[in-house]
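Have a look at the structure below before the remarks.
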Ligand code: GAL
């Protein structure tokens, strides 16, 4: 079985467990917890995430007695510990004695304590205390045999990702000095000759607070970059003391899927493995696709390394307006989806449902109603099933299709005063979904990633592009692959200046097109029609006769490419909407719009088949059934509310609603997956 930092200390098992908050319960309950954990075949729990106020009840006075006790009990039960550094939420004494730690919102409001995460990312006071607690934790538990990983902080930036306090402003200025060295360089990069913004010293530069009109775009994106870096510095400060004390223990912090405030490409380089929190809405039919994207992104952040699903809910959350429960089987279906997409562990928030505090109505592994419930029965069954699937741990897939994902572009497209209100994540999601619906596995990559193993690389709305990124993308057709570039790509350079040589920059030559003018389409809401009910516009060509488009059209000049589809309506009528050029020994496509979902799926099918990427033959295809291979296993998951019966590469599969089957290999033509559930040998408990 291949090893990875994830499973090094949990050999032969997937992680299965959750956040365990024993401090919310009297110790009699702990005995019951451990008994039930054993029943559910829990292998790992995350301990201490919000324990700071109990571990350090007064400044400098530490009390580890209760934690020692529970760590010992868990170890005796053979349960591994993902130990938090407990720094996710500062204790009340810090708020009272050091109010400078408190974050300030863009309009100047100082946030108070009394909930959680009430610290400014740049607070040196918070950092000093956090690093001290992390080192105390490392000293005390670093050699404990139950320790399987360090869990630094918790969901960095979830509530406070940017702070506009004076210490943040000072830290921003110093970040800018590192980046630009001189104020003239900054003036040049920010284009401060516009609107009388010229600075004569760094001391005049502030964080981008609420202002009368559009703030300087480069100042805003630099503040986005700085704020992601400021939190990452905090993580690194804690990780450094942990690594020094316990070099053999992997360090992680839990991500939140495609979370806009933090550039997870940078973050992923600093963790030993990626872990993720994922709460798809059971009431949203799009949830399985959204979850699949998160899982693919998490696997891709460290280039295919297995990751941990660190938190999910067994059923309902309590932070939406109406909190739908997961349907019977839904928890298992999403858990197996995660394993299929590279997870080596399935964990929850939280083990036992709280009876007090802000999250008492959030589901847990042991619900208020106790263990004689469908939730706990499902947990126990999943624990046993995951024990049987242990053989999959450590396995990686080599995928042939990649989609570029880029935080700079996400930040830039969200700014004011852009040509249109393009929802970057929605565009990326639609492209990902088009391949996901065809069961073609997709990795995410950075513009500068090594692309040499991919046959097909899609670049959706990469509005901010560096020269290095553009040259790297151009290598795809050069060496025989297919490059697909969409509208709003390479419009700006990393300083948010317009690309030298015009929109698309150096890709103009590769694609054989240039863009004369944008013509964004009316927003569906503005016309009062539902996007699916009435197409706002259409194109005709390679995707069929008149297919719906949304978001975008533009005037494209074609120098050297085949026009495969043209716009049907408006000022752009007759202008190229999709082009294709034989470039190098490969192909370069330009897609000047956003085809509706059915057409985008058709385009994905066309692109995949031109690149020789084969999809499993699934009949009938359904929006809710996905087929994923990992290692020797094929996972077939029906996320839908209806049963599904069909064939996969000729083998019959029959699934109830929210059911899944894991087969030892692709269902062979003529076989019946119902009789082929895998039963790998059970591994001994660690
Ligand atoms: C996460 C968090 C957990 C819990 C959970 C509820 O954001 O890390 O502590 O709050 O959400 O869904």
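Residue numbers (my numbering): 37 to 722.
C-beta atoms are modelled at their ideal positions from N, C-alpha and C, and glycine is treated no differently.
Within 10 angstroms of the Cβ of residue 63, are there 16 or more other Cβ atoms? Answer buried if so, exposed if not.
-> exposed
Could you tell me if residue 155 is buried or exposed, where buried requires 16 or more neighbouring beta carbons within 10 angstroms of its beta carbon?
-> buried
Can you tell me whether residue 397 is buried or exposed, with buried defined as 16 or more other CB within 10 angstroms of its CB?
-> exposed
DSSP puts residue 590 in a beta bridge; with which residues?
-> 554
What residue from 494, 459 and 628 has the CA that sits closest to residue 438's CA?
-> 494
Assuming residue 188 and residue 289 form a contact by the criterion Cβ under 8 Å, report the distance between their Cβ atoms to the nearest whole angstrom.
-> 5 Å
What separation, rounded to the nearest whole angstrom, lies between the Cα atoms of residue 318 and residue 597?
-> Cα to Cα, the separation comes out at about 45 Å.
Could you give the DSSP three-state label for residue 130: helix, strand or coil?
-> helix
What does residue 630 pair with, by DSSP beta-bridge criteria?
-> 586
Since residue 119 sits in a beta bridge, which residues does DSSP pair it with?
-> According to DSSP, which records beta bridges pairwise, residue 119 is partnered with 83 and 186.
Pull up the distance between the alpha-carbon of residue 680 and that of residue 254, whole angstroms please.
-> 51 Å
Straight-line Cα distance separating residue 237 from residue 346 | 45 Å
With DSSP as the reference, label residue 326 as helix, strand or coil.
-> It is helical.
So is the beta-carbon of residue 353 under 6 Å away from any non-hydrogen atom of the ligand GAL?
-> yes
Consider the C-beta atom of residue 398 and the heavy atoms of the ligand GAL; say whether any pair is separated by less than 6 Å.
-> Yes; taking the cut-off as 6 Å, the Cβ of residue 398 has a heavy atom of the ligand GAL nearer than that.
Coarse secondary structure for residue 385, derived from DSSP in three states | Annotated three-state conformation of residue 385 is coil, per DSSP.
Residue 56, buried or exposed, once every other Cβ within 10 Å from all chains shown has been counted against 16 = buried
Just the Cα atoms here: how many angstroms apart are residue 54 and residue 81?
-> 5 Å
Buried or exposed: where does residue 123 fall if 16 or more other Cβ atoms within 10 Å of its Cβ makes it buried?
-> Taking all protein chains shown into account, residue 123 has 16 or more neighbouring C-beta atoms within 10 Å of its C-beta and is therefore buried.
Nearest to residue 234 by CA position, among 350, 683, 222 and 243, is which residue?
-> 222
Go ahead and pull the three-state DSSP assignment for residue 144.
-> Coil.
Same chain, Cβ closer than 7 Å to residue 199, neighbours up to 5 away in sequence not counted | Closer than 7 Å at the Cβ level, and outside the excluded window around residue 199, lie 139, 140, 156, 157 and 158.
Could you check if residue 88 is buried or exposed, using at least 16 other CB atoms within 10 Å of its CB as the buried criterion?
-> buried
Please confirm whether residue 638 and residue 591 have their CB atoms less than 7 Å apart.
-> no
Skipping 5 residues on each side, what residues in its chain have a beta carbon closer than 8 Å to that of residue 40?
-> Same-chain partners within the cutoff: 309, 341, 342, 380, 429 and 430.
Residue 483 to residue 525 span [Cα, whole Å] | 11 Å
Residue 52 burial status per 10 Å Cβ neighbour count (16 or more: buried) | buried
Does the Cβ of residue 650 have 16 or more other Cβ atoms within 10 Å, making it buried, or fewer, making it exposed?
-> exposed
Report yes or no: do three or more beta-carbon pairs, one from the segment 371 to 388 and one from the segment 444 to 451, lie closer than 8 Å?
-> No, because fewer than three Cβ pairs between the segment 371 to 388 and the segment 444 to 451 fall closer than 8 Å, the two stretches do not touch.
Step through the CB atoms of chain D and report whether any lies within less than 7 Å of the CB of residue 65.
-> The question asks about chain D, but that chain is absent: this structure has only one protein chain.
Is residue 315 closer than 7 Å to residue 349 when the C-beta atoms are compared?
-> yes
Going by other Cβ atoms of all chains shown within 10 Å of its Cβ, with 16 needed for buried, is residue 419 buried or exposed?
-> It counts as buried.
Where do the N-terminal and C-terminal ends of the alpha helix (DSSP H) with residue 151 fall, by residue?
-> That residue, residue 151, is in no alpha helix (DSSP H); it is neither H nor E in DSSP.
Is residue 359 near the ligand NAP, going by C-beta to nearest heavy atom under 6 Å?
-> Absence of the ligand NAP from the depicted structure is noted, with the ligand GAL being the only ligands included.
Pick helix, strand or coil for residue 49, following the three-state DSSP scheme.
-> coil
Terminal residues of the continuous alpha helix (DSSP H) containing residue 443?
-> 443 to 449
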